[in-house]
Amino acid sequence: MSSATAGSPKLGPRAVTPAVETVLAFVNTRADGSGRREVFGDGNSFAAWLAEYDEFGGETVATDADAAAARELRDALVTVLLAHSGDEESLGEPLQHAERHLRRAGSLYPLATVVTAGGVELASQQAGVERVFGTVLAAVTTFAQSSDWGRVKACRNPPCHFGFFDRTRNGGGLYCSPGCGSQVSMRNYRRRQRQESQTPPQA
Numbered sequence: 001m002s003s004a005t006a007g008s009p010k011l012g013p014r015a016v017t018p019a020v021e022t023v024l025a026f027v028n029t030r031a032d033g034s035g036r037r038e039v040f041g042d043g044n045s046f047a048a049w050l051a052e053y054d055e056f057g058g059e060t061v062a063t064d065a066d067a068a069a070a071r072e073l074r075d076a077l078v079t080v081l082l083a084h085s086g087d088e089e090s091l092g093e094p095l096q097h098a099e100r101h102l103r104r105a106g107s108l109y110p111l112a113t114v115v116t117a118g119g120v121e122l123a124s125q126q127a128g129v130e131r132v133f134g135t136v137l138a139a140v141t142t143f144a145q146s147s148d149w150g151r152v153k154a155c156r157n158p159p160c161h162f163g164f165f166d167r168t169r170n171g172g173g174l175y176c177s178p179g180c181g182s183q184v185s186m187r188n189y190r191r192r193q194r195q196e197s198q199t200p201p202q203a
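Using my numbering, the letters of the sequence shown map in sequence onto residues 1 to 203.
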């Protein structure tokens with residue numbers, strides 16, 4: 001699915017920052033069951049993906065274990081973004097598990113404060129794949145300091161779960177595209193129809 005940042009109605013003035021772009025590039029690598037393939041399936045595919053992104057360090061040697069670690073970090077972030085969308089299945093234990101994983105990642109891939117005359121930023125001081133994960137966490141940390149962190153969401157239409165930045169005025173966007181919203185509406189309509197057809201008439 002394509003991001004709703006380009007097609008949602010009544011867009012507000014909020015812009016997608018480089019930090020949000022980094023987070024979305026990382027989380028939108030999972031297979032969705034409708035054509036999108038798993039980008040982090042093994043070390044070779046993970047390395048091929050990294051080679052396309054300078055912000056992640058460009059060409060990097062990656063193993064299958066690195067790809068598995070990338071999937072775990074990504075899936076934890078997707079769970080958090082689903083929680084931002086109010087997805088009930090991501091709440092409770094799934095969200096707690098994701099948050100625990102992200103805390104562990106924060107200790108494994110620490111960040112350093114880089115102060116210059118032009119400003120301050122967080123950056124990974126590690127190399128290789130560890131730098132990649134640190135860069136993702138730095139982007140999350142940088143943007144999460146704003147009041148708009150809750151607008152970085154994952155589509156509530158299963159199995160899409162595409163990450164997007166909600167630029168609606170009230171921050172109430174739930175789906176990455178109108179198409180996903182229509183699919184959910186139709187699914188709910190058909191479920192109600194089945195329930196009504198199975199309800200015996202009252203005497």
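Even for Gly, the Cβ is constructed at its ideal location relative to N, Cα and C.
For residue i, the three-state DSSP class (helix, strand or coil)
{"i": "residue 154", "result": "strand"}
{"i": "residue 90", "result": "helix"}
{"i": "residue 68", "result": "helix"}
{"i": "residue 119", "result": "strand"}
{"i": "residue 113", "result": "strand"}
{"i": "residue 45", "result": "helix"}
{"i": "residue 182", "result": "helix"}
{"i": "residue 165", "result": "strand"}
Alpha carbon of residue i to alpha carbon of residue j, nearest angstrom
{"i": "residue 110", "j": "residue 18", "result": "20 Å"}
{"i": "residue 72", "j": "residue 101", "result": "8 Å"}
{"i": "residue 55", "j": "residue 164", "result": "19 Å"}
{"i": "residue 63", "j": "residue 170", "result": "43 Å"}
{"i": "residue 172", "j": "residue 108", "result": "34 Å"}
{"i": "residue 28", "j": "residue 154", "result": "9 Å"}
{"i": "residue 80", "j": "residue 95", "result": "6 Å"}
{"i": "residue 181", "j": "residue 22", "result": "25 Å"}
{"i": "residue 115", "j": "residue 179", "result": "44 Å"}
{"i": "residue 137", "j": "residue 145", "result": "12 Å"}
{"i": "residue 47", "j": "residue 140", "result": "22 Å"}
{"i": "residue 69", "j": "residue 76", "result": "11 Å"}
{"i": "residue 53", "j": "residue 16", "result": "17 Å"}
Closer than 8 Å to chain D by CB, residue i
{"i": "residue 132", "result": "The structure shown contains no chain D; it holds only a single protein chain."}
N-terminal and C-terminal residue of the beta strand (DSSP E) that residue i is part of
{"i": "residue 95", "result": "That residue, residue 95, is in no beta strand (DSSP E); its alpha helix (DSSP H) goes 93-108."}
8 Å CB neighbourhood of residue i in its chain, flanking five on each side removed
{"i": "residue 112", "result": "122, 123, 124, 125"}
{"i": "residue 37", "result": "31"}
{"i": "residue 87", "result": "154, 156"}
Within 8 Å, strictly: CB atoms of residue i and residue j
{"i": "residue 74", "j": "residue 167", "result": "no"}
{"i": "residue 91", "j": "residue 98", "result": "no"}
{"i": "residue 40", "j": "residue 67", "result": "yes"}
{"i": "residue 152", "j": "residue 162", "result": "no"}
{"i": "residue 129", "j": "residue 60", "result": "yes"}
{"i": "residue 24", "j": "residue 85", "result": "no"}
{"i": "residue 207", "j": "residue 50", "result": "Residue 207 is absent from the model: the chain starts at 1 and stops at 203."}
{"i": "residue 176", "j": "residue 32", "result": "no"}
Same chain only: Cβ atoms within 6 Å of residue i, ignoring 5 sequence neighbours per side
{"i": "residue 183", "result": "157"}
{"i": "residue 131", "result": "57, 124"}
Where the alpha helix (DSSP H) containing residue i begins and where it ends
{"i": "residue 21", "result": "18-27"}
{"i": "residue 40", "result": "Careful: residue 40 lies outside any alpha helix (DSSP H) and carries neither H nor E."}
{"i": "residue 143", "result": "128-144"}
Own chain residues within Cβ distance below 7 Å of residue i, not counting five before or after
{"i": "residue 187", "result": "none"}
{"i": "residue 106", "result": "137"}
{"i": "residue 20", "result": "143, 152, 165"}
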